[in-house]
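Take 61 as the starting number for the sequence shown in the numbering used here and just add one per residue. Glycine included, each C-beta is placed from N, C-alpha and C at the ideal position. Structure record follows, encoded as structure tokens.
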Amino acid sequence: MFSDGANFKLVVWRFTKNNLKTNSSASESSLNSGNTVSLAGNSQGNSLKITSPADGSTSNSGDTVKVEVVGDGWIKNLIVLVSGYQQPFFTEIYKSNSASFSFQIPRDFIGPFKIWAEGMNESYDRTVETNISLNAFPAAKLSFLSVAPESATLDLPVGHFQSISVYGNYDDSVQRNLDQVNGLKFVIADPKIAQITKPGLVTGLAEGETTLRISYQSLTLNIPVTILPANY
61 MFSDGANFKL
71 VVWRFTKNNL
81 KTNSSASESS
91 LNSGNTVSLA
101 GNSQGNSLKI
111 TSPADGSTSN
121 SGDTVKVEVV
131 GDGWIKNLIV
141 LVSGYQQPFF
151 TEIYKSNSAS
161 FSFQIPRDFI
171 GPFKIWAEGM
181 NESYDRTVET
191 NISLNAFPAA
201 KLSFLSVAPE
211 SATLDLPVGH
221 FQSISVYGNY
231 DDSVQRNLDQ
241 VNGLKFVIAD
251 PKIAQITKPG
261 LVTGLAEGET
271 TLRISYQSLT
281 LNIPVTILPA
291 NY
């Protein structure tokens, strides 16, 4: 569910690396590896590690997270990026083989995010990168679900589709986008009339009426769906 976020990371990564006057094409092929990867030059002694936080750990939305990155001595330039789904939290360039910094997870963020690090030598022709995956969830309690675009019903012609974003409204008065959160479910009552072609995307199949049921945790939101003639 993080693929779009990874594509967003590429844009930021290119911009940052261009500031260092280096070629980003080699690194883009392995952004989702999850492991330390040698991308150019001698592979011996290529070590770059995110030592803190632990891969797979979970924090609360709004928390401040301390990050430690350590690499081999040949690394003279270090790029670090922290990003959620199309949402950067932190990006920085270090003229060093290590970095220690803190960043704050936005209060309105929920779901998976990643920390990427890439190390380069003085001439930028030898590189190594690593990344870890983390999650953030609010300490607040989920009160109710809502959708965008806001509508009491969903009307669309046969063969057309409508994208829906789902939001969780919490008792800390913060609304959070749930589109990338595991456990968000979409169900069409009558799959002959409409279908979910991918999470959040409703496609009209045949004229008629049905219901879209959206559920997350213990809450459910029902939206009436009307599929109109194709030439409507």
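Item	Value
Using DSSP with H/G/I as helix, E/B as strand and the rest coil, what is Phe169?	coil
When you compare only the Cα positions, how much space is there between Ile139 and Thr190?	11 Å
Ordered along the chain, which non-local residues of its own chain (more than five positions away) have a Cβ less than 7 Å from that of Gln222?	Leu214, Leu216 and Val262
Measuring only the C-alpha atoms, how far is Leu272 from Lys201?	24 Å
Just curious, the beta strand (DSSP E) that Ile287 is in, first and last residue?	Leu279 to Leu288
Are the segment 145-159 and the segment 192-207 touching, with three or more C-beta to C-beta distances below 8 Å?	no
Helix, strand or coil: how does DSSP classify Trp176 here?	strand
So Asn237 is in the beta strand (DSSP E); what residue range does that whole segment cover?	Gln235 to Asn237
Once the 5 residues before and after Ser93 are set aside, which same chain residues still bring their CB inside 6 Å of it?	Residue placement at Ser93 cannot be trusted, given a pLDDT of 36 that sits under 50; what the coordinates show is reported in the next sentence. Correct list: empty, nothing qualifies.
So Ser162 and Lys126 are in contact, right, with Cβ under 8 Å, and what is the actual spacing, rounded?	5 Å
CA-CA distance, Tyr184 and Ile110?	21 Å
Could you tell me which residues DSSP puts in a beta bridge with Thr272?	Looking at the sequence itself, residue 272 is Leu, so the reference to Thr does not match. According to DSSP, Leu272 bridges with Ile248 and Ile283.
Please identify the residue among Leu108, Phe197 and Phe149 whose C-alpha is closest to the C-alpha of Phe117.	The amino acid at residue 117 is misidentified as Phe; the sequence shows Ser. Here the closest residue by C-alpha is Phe197.
Leaving out five residues on either side along the sequence, give the residues of the same chain with a beta carbon under 8 Å from the beta carbon of Glu227.	As written in the sequence, residue 227 is Tyr, which differs from the Glu given in the question. The residues are Leu205, Ser206, Val207, Ala208, Gln235, Arg236, Asn237 and Leu238.
Distance check for Ile165 and Thr124, CA to CA, integer angstroms please.	6 Å
So the beta strand (DSSP E) Ala196 belongs to, where does it begin and stop?	Thr187 to Phe197
Report the residue from Phe169, Val241 and Ser143 whose alpha carbon sits nearest the alpha carbon of Ala177.	Ser143
Determine the closest residue to Ser275 out of Val247, Gly122 and Ser233, with distance taken between C-alpha atoms.	Val247
For Lys81, which residues of its own chain have a beta-carbon under 6 Å away from its beta-carbon, when the five flanking residues on both sides are left out?	Its pLDDT being 43, under 50, Lys81 is placed unreliably by the model, and the measurement read from it follows with that caveat. The answer is none, since no qualifying residue turns up.
Look up Asn137 in the DSSP assignment and give the residues it is bridged to.	Met180
Report yes if the CB atom of Asp283 is closer than 8 Å to the CB atom of Leu265, and no otherwise.	A small fix is needed here, since residue 283 is Ile in this sequence, not Asp. No, Cβ-Cβ distance for Ile283 and Leu265 is not below 8 Å.
Considering only residues of the same chain and omitting the five flanking positions on each side of Phe149, which have a CB-CB separation below 6 Å?	Val142 and Phe163
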